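Okay, structure first, notes after.
Residue numbers (this note's numbering): 27 to 195.
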């Protein structure tokens with residue numbers, strides 16, 4: 027873990043997760059597979075949603091509700107990013123282009139990276155999906171948004187490692 031300061035490798039190698047009792051007391055609990063996955067989904071949902079909020083807001087106000095519009099393709103990419111991030115954080119799936127398990131750590135530099143990365147991914151999936159839906163098939167466009175979301179989640183740990191390393195040199 028010391029050689030990967032930009033990564034949360036502990037969450038990928040153990041079933042222990044932090045809990046909060048509601049009385050101001052935190053604890054660390056051993057969770058089963060479902061509990062670990064739900065904890066990781068909640069973590070990555072907050073991660074992607076909070077820092078992707080600028081583009082999510084734009085997509086929300088963009089156009090009327092259409093079955094195959096910006097909102098639909100943004101939603102597909104958003105949920106795929108959350109699901110993929112949860113699988114990577116829990117250690118069930120290895121991220122692409124790196125040999126270490128785990129999701130990207132929360133540091134100030136990596137929060138700035140997340141802000142740009144998540145919003146660019148959502149914009150690419152939504153606007154690219156709308157362009158594909160107009161030219162080809164709406165289902166192909168939804169598939170495009172799914173692939174963009176999955177690849178962005180799978181490559182984000184590698185991008186985070188590279189970005190963190192640039193500032194350290």
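C-beta: ideal position from N, C-alpha, C; glycine also. Computed from a predicted model, the values in this text were never measured in an experiment.
Residue 42 - containing beta strand (DSSP E), residue span: The sequence position of residue 42 within the chain shown is 16, counting from 1. Per DSSP, residue 42 belongs to the beta strand (DSSP E) from 42-46.
With C-beta atoms as the reference, is residue 32 less than 8 Å away from residue 144? One-based indexing of the chain shown puts residue 32 at position 6. One-based indexing of the chain shown puts residue 144 at position 118. Cβ distance not < 8 Å, so residue 32 and residue 144 don't count as in contact.
Leaving out the 5 sequence neighbours to the left and right, which residues in its chain are closer than 7 Å to residue 99 when beta-carbon positions are compared? Against the chain shown, residue 99 aligns to sequence position 73. Cβ within range, chain order: 151, 152, 155, 156, 167, 168 and 171.
Buried or exposed: residue 73, going by 16 or more other Cβ atoms within 10 Å of its Cβ? The count along the chain shown starts at 1 and reaches residue 73 at position 47. That one is buried.
I'd like to confirm the pairing. Which residues does DSSP put opposite residue 52 in its beta bridges? In the chain shown, residue 52 corresponds to position 26, counting from 1. According to DSSP, residue 52 bridges with 46.
According to DSSP, is residue 30 part of a helix, a strand, or is it coil? To locate residue 30, count along the chain shown from 1; it is residue 4. In the three-state scheme derived from DSSP, where H, G and I count as helix and E and B as strand, residue 30 is classed as coil.
Looking at the strands, I want to know which residues DSSP matches up with residue 104. Position 78 of the chain shown, counted from the first residue, corresponds to residue 104. For residue 104, no pairing in a beta bridge is given by DSSP.
Simplified DSSP state of residue 174, which is helix, strand or coil: Residue numbering aside, residue 174 sits at position 148 when the chain shown is read from its first letter. Helix.
Same chain, Cβ closer than 7 Å to residue 69, five either side skipped, listed in chain order: Reading the chain shown from its first residue, position 43 is the one you call residue 69. Counting only Cβ-Cβ distances below 7 Å, and skipping sequence neighbours, we find 115.
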